[in-house]
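Just below is one structure, and these are the notes that go with it.
There are 2 protein chains.
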Amino acid sequence: MYLCISKTVRMTHSEENYLKTIYHLGNYGVQSVSTNAIAEQMETKASSVTDMVKKLAEKDLVNYKKYQGAKLTEVGKKIASTIVRKHRLWEVFLVENLNFSWDEVHDVAEQLEHIQSKKLIDQLDAFLNFPTHDPHGDPIPDKEGNFKKTDKILLSQMDHNTSCICVGVKDSSSDFLKYLDRNSIALGTEIVVISKESFDGSMMLQIDNCRKAISKEVSNNLYVKSVL
Amino acid sequence: MYLCISKTVRMTHSEENYLKTIYHLGNYGVQSVSTNAIAEQMETKASSVTDMVKKLAEKDLVNYKKYQGAKLTEVGKKIASTIVRKHRLWEVFLVENLNFSWDEVHDVAEQLEHIQSKKLIDQLDAFLNFPTHDPHGDPIPDKEGNFKKTDKILLSQMDHNTSCICVGVKDSSSDFLKYLDRNSIALGTEIVVISKESFDGSMMLQIDNCRKAISKEVSNNLYVKSVL
DNA sequence: ATTATTTTTTAGCCTAATCTAAATTTATTT
DNA sequence: AAATAAATTTAGATTAGGCTAAAAAATAAT
């Protein structure tokens, strides 16, 4: 039951970026993704997407029928997961070893994810001691593309008088991450939900014995794991 | 007396590779390099080189006059030295931290040298503890592009009954580096020249109390520093 | 000082990846 | 069900980088 990629597929950076986008938008490659969704995400034009998707279909990396969007094939999924794996491993390296903060890693990892070298990524994985999550709490696929999806929920879904631990972010924009830094919220931070306002969705939290009010936008972009 | 690059020049990988080649062939950018020399080194066609050199001249990265080759400008030299700096720092990282051997690093470093991030390279430099030489003994330019050129000579130029220390290689092909590995010759290895054969240029060496005969090809590609 | 040879440049073509604008298909509303 | 709107595709250009083949310039050899 192995997926064999006999002749290693030669991929351009652009092709890799498209696969990665389809992987992310299509829920790890299980769903079909529309041309427009890809175009919006990649900040390009729908016509460019059509062209590229045809090319990827030609290479059997996606299944594509006119007007019906694109869905990754097994091979496409494998390649996409490898790119994500590389991206997230590099993010760990940057934060753990090169003093990057979690809001600075994305652009550089975006470049590093395209470096081709099996040995490089295997050794990096070992050097980092086989991390399972990146600095934003996102899971790192293993060599086969598998990862355990964490049972995380949005902070906004927690009830009042409950406790949870921050396990990830939905929005990983620099602005949001810096906001979290300023408010001492990091991966692993324990958060107690004191109260929720129904009229604006804001919340009163307790973090390290300090009370903090946060907006709906914040609680809708922070993933937590409930603690009993 | 500083060189200010006000607006950061946006470089493609291809442009960077050309600059690097001109830097190397032109003796760190001091000499003019012919179109054919560039083409041969880069395994491309002379006509392609002409086109690219014109483009680089347009950007003021090289000085170019028809039929007279290309020479790096100060700005071009600075950019080229940065690429070489990145290449060599990555090589150190691969060998020191990711268990690569010195014959495996080149191809990967060739990709990594194009990653754009000032912070990345500064932090990597610090992480590696500011190395001055790469795994092949080549000097790593500092941020300003300066490096001390070591007073190395080819092993073939040593007299018999003299001692020296291996400080670098001229040929850094995988084959040659593996040969050196098999013969326990590495950077820092002490070598005693026992004798030289005038008819074929071969040498008898003593390394770690073992005698080894090497060909002229070998002694012509190994840099050493004489020890008194 | 002419040839001949080598080097370099020019001209024209090709592919990858993008774009705009127009055409077409699908989806949504009256 | 027809009309409108939205999404998608096609057609035709463009730009970067490369190639081939022919022309031009520089160098070498007779």
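So the protein lines, in turn, are chains A and B. The working numbering puts the first residue of the first sequence at 486, with every later residue one more than the last. The working numbering puts the first residue of the second sequence at 486, with every later residue one more than the last. A virtual CB, placed ideally from N, CA and C, is assigned to each residue, including glycine.
When burial is assigned at 16 or more other CB atoms within 10 Å of the CB, is Lys563(A) buried or exposed?
-> Reading the first sequence from its first residue, position 78 is the one you call residue 563(A). Looking at its Cβ environment, which holds 16 or more other Cβ atoms inside 10 Å, Lys563(A) is buried.
Under 8 Å between the Cβ atoms of His621(B) and Trp587(B)?
-> The count along the second sequence starts at 1 and reaches residue 621(B) at position 136. The count along the second sequence starts at 1 and reaches residue 587(B) at position 102. In contact: His621(B) and Trp587(B) (Cβ atoms closer than 8 Å).
For Ser680(A), which residues does DSSP report across the bridge?
-> Translated into the one-based positions of the first sequence, residue 680(A) becomes position 195. The partner list for Ser680(A) (beta bridge, DSSP) reads Met689(A).
Buried or exposed: which applies to Lys637(A), given that a residue is buried once 16 or more other Cβ atoms fall within 10 Å of its Cβ?
-> Sequence index remark: in the first sequence, residue 637(A) carries index 152 (1-based). Per the 10 Å Cβ criterion, buried.
Any idea if Thr493(B) is buried or exposed, counting beta-carbon neighbours within 10 angstroms, 16 or more meaning buried?
-> Position 8 of the second sequence, counted from the first residue, corresponds to residue 493(B). Exposed is the call here.
From this set, Asn582(A), Val652(A), His572(A), which residue's C-alpha is nearest Gln601(A)'s C-alpha?
-> For the purposes of this step, residue 601(A) is identified with residue 116 of the first sequence, where counting begins at 1. Closest option to Gln601(A), Cα to Cα, is His572(A).
Given 8 Å, three or more beta-carbon pairs between the segment 627-642 of chain B and the segment 703-713 of chain B = yes
Three-way DSSP call (helix, strand, coil) for Asn706(A) in this model = What you label residue 706(A) is simply residue 221 of the first sequence in a count that begins at 1. Three-state DSSP puts Asn706(A) in coil, outside helix and strand.
May I ask you to report which of helix, strand or coil DSSP gives Ile606(A)?
-> As a working mapping, residue 606(A) is identified with position 121 in the first sequence. Residue state, collapsed to three classes: helix.
Supposed close pair Ile444(B), Cys649(B) - CB separation, criterion 8 Å = Outside the shown range of chain B (486 to 713) lies residue 444(B), about which nothing can therefore be said.
For Gly653(B), three-class secondary structure by DSSP | Here residue 653(B) corresponds to residue number 168 of the second sequence, with the count starting at 1. It is a strand residue.
At least one CB of chain A closer than 8 Å to the CB of Gln642(B): is that the case?
-> Against the second sequence, residue 642(B) aligns to sequence position 157. So no, Gln642(B) is outside the interface.
Could you check where the alpha helix (DSSP H) with Asn582(A) kicks off and where it finishes?
-> In the first sequence, the residue the question calls residue 582(A) occupies position 97. Counting along the chain, the alpha helix (DSSP H) containing Asn582(A) begins and ends at 559-582.
Could you tell me whether the segment 666-683 of chain A touches the segment 642-658 of chain A, where touching means 3 or more Cβ pairs closer than 8 Å?
-> yes
Per the contact definition of three or more C-beta pairs closer than 8 Å, is the segment 608-615 of chain A in contact with the segment 578-585 of chain B?
-> yes
Excluding five sequence neighbours on each side, which residues of the same chain lie with their C-beta closer than 7 Å to the C-beta of Asp444(B)?
-> Only positions 486 to 713 of chain B appear in the structure, and residue 444(B) is not among them; the question remains open.
To the nearest angstrom, report how far apart Asp592(A) and Met527(A) are at their CA atoms.
-> Indexing the first sequence from 1 puts residue 592(A) at position 107. Indexing the first sequence from 1 puts residue 527(A) at position 42. Roughly 14 Å separates the two Cα atoms.
With Arg495(B) as the anchor, note down where its alpha helix (DSSP H) starts and where it stops.
-> Locating residue 495(B) in the second sequence gives position 10, counting from the first residue. Note, Arg495(B): premise wrong, no alpha helix (DSSP H); not H, not E.
Give the secondary structure of Ile507(A) by DSSP, where H, G and I count as helix, E and B as strand, and everything else as coil.
-> Counting from 1 along the first sequence, the entry for residue 507(A) is found at position 22. Correct three-state label for Ile507(A): helix.
Val538(A) - DSSP class collapsed to helix/strand/coil | On the first sequence, residue 538(A) is found 53 positions in, with the first residue counted as 1. The answer is helix: DSSP assigns Val538(A) an H, G or I state.
Excluding five sequence neighbours on each side, which residues of the same chain lie with their C-beta closer than 8 Å to the C-beta of Lys530(B)?
-> Residue numbering aside, residue 530(B) sits at position 45 when the second sequence is read from its first letter. Around Lys530(B): Ala524.
For Phe612(B), go through chain A and note every residue whose CB falls closer than 7 Å to its CB, in chain order.
-> As a first step, residue 612(B) is located in the second sequence; it is residue number 127 there, counting from the start. The contacting residues are Asn582, Leu583.
Measuring only between beta-carbons, confirm whether Ser602(A) sits less than 8 Å from chain B.
-> As a working mapping, residue 602(A) is identified with position 117 in the first sequence. Yes, its Cβ sits closer than 8 Å to a Cβ of chain B.
Assigned exposure category for Ser491(A) - 16 Cβ within 10 Å defines buried = Reading the first sequence from its first residue, position 6 is the one you call residue 491(A). Annotation note: pLDDT 47 at Ser491(A) (below 50); position unreliable, coordinate value reported separately. Label assigned to Ser491(A): exposed.
Residues near Glu702(A) by beta carbon distance below 8 Å, same chain, minus five either side | For the purposes of this step, residue 702(A) is taken as residue 217 along the first sequence, with counting starting at 1. So the list is empty, once near-sequence residues are dropped.
Within-8 Å CB hit, Leu546(B) to chain A | Taking the first residue of the second sequence as 1, we reach residue 546(B) at position 61. So, not an interface residue.
Check whether the Cβ of Val577(B) lies closer than 8 Å to any Cβ atom in chain A.
-> Translated into positions along the second sequence, residue 577(B) becomes position 92. So, not an interface residue.
Taking the Cβ atom as the reference point for each residue, do Ser687(A) and Ala671(A) lie within a distance shorter than 8 Å?
-> In the first sequence, counting from the first residue as 1, residue 687(A) sits at position 202. In the first sequence, counting from the first residue as 1, residue 671(A) sits at position 186. No, the Cβ-Cβ distance between Ser687(A) and Ala671(A) is not below 8 Å.
9 Å Cβ cut-off: residues of chain B touching Gln608(A) = Start at 1 with the first residue of the first sequence, and residue 608(A) comes out as number 123. Going along chain B in sequence order, the residues near Gln608(A) (Cβ under 9 Å) are Leu579, Asn582, Leu583, Asn584, Phe585.
Examine chain B for any beta-carbon lying closer than 8 Å to the beta-carbon of Ser597(A), and answer yes or no.
-> For the purposes of this step, residue 597(A) is taken as residue 112 along the first sequence, with counting starting at 1. Checking the sequence, you will find Leu at residue 597(A) rather than Ser. Yes, Leu597(A) counts as interfacial toward chain B.
Roughly how many angstroms lie between the CA atoms of Tyr508(A) and Leu597(B), to the nearest whole one?
-> Taking the first residue of the first sequence as 1, we reach residue 508(A) at position 23. Taking the first residue of the second sequence as 1, we reach residue 597(B) at position 112. One C-alpha to the other measures close to 25 Å.
Gln553(A): which of Tyr503(A), Ser517(A), Ser532(A), Asp536(A) sits nearest, CA to CA?
-> What you label residue 553(A) is simply residue 68 of the first sequence in a count that begins at 1. Looking at the Cα atoms, Ser517(A) is the closest of the given residues.
Residue-level contact to chain A via CB, Val534(B), 8 Å cutoff = Here residue 534(B) is taken as the residue at index 49 of the second sequence, counted from 1. No, because no Cβ of chain A sits closer than 8 Å to the Cβ of Val534(B).
Counting only beta-carbon atoms, is Val593(B) nearer than 8 Å to chain A?
-> Position 108 of the second sequence holds residue 593(B). Taking Cβ atoms only, chain A reaches closer than 8 Å to Val593(B), which makes this a yes.
For Leu504(B), which residues in chain A fall below 7 Å Cβ to Cβ?
-> For the purposes of this step, residue 504(B) is taken as the residue at position 19 of the second sequence. Under the 7 Å cutoff, chain A gives no residues; its nearest Cβ is about 19 Å from Leu504(B).
Closer than 7 Å by beta-carbon distance: list the chain A residues that pair up with Leu662(B), in chain order.
-> Within the second sequence, numbered from 1, the residue matching residue 662(B) stands at position 177. Simply none; closest approach about 16 Å.
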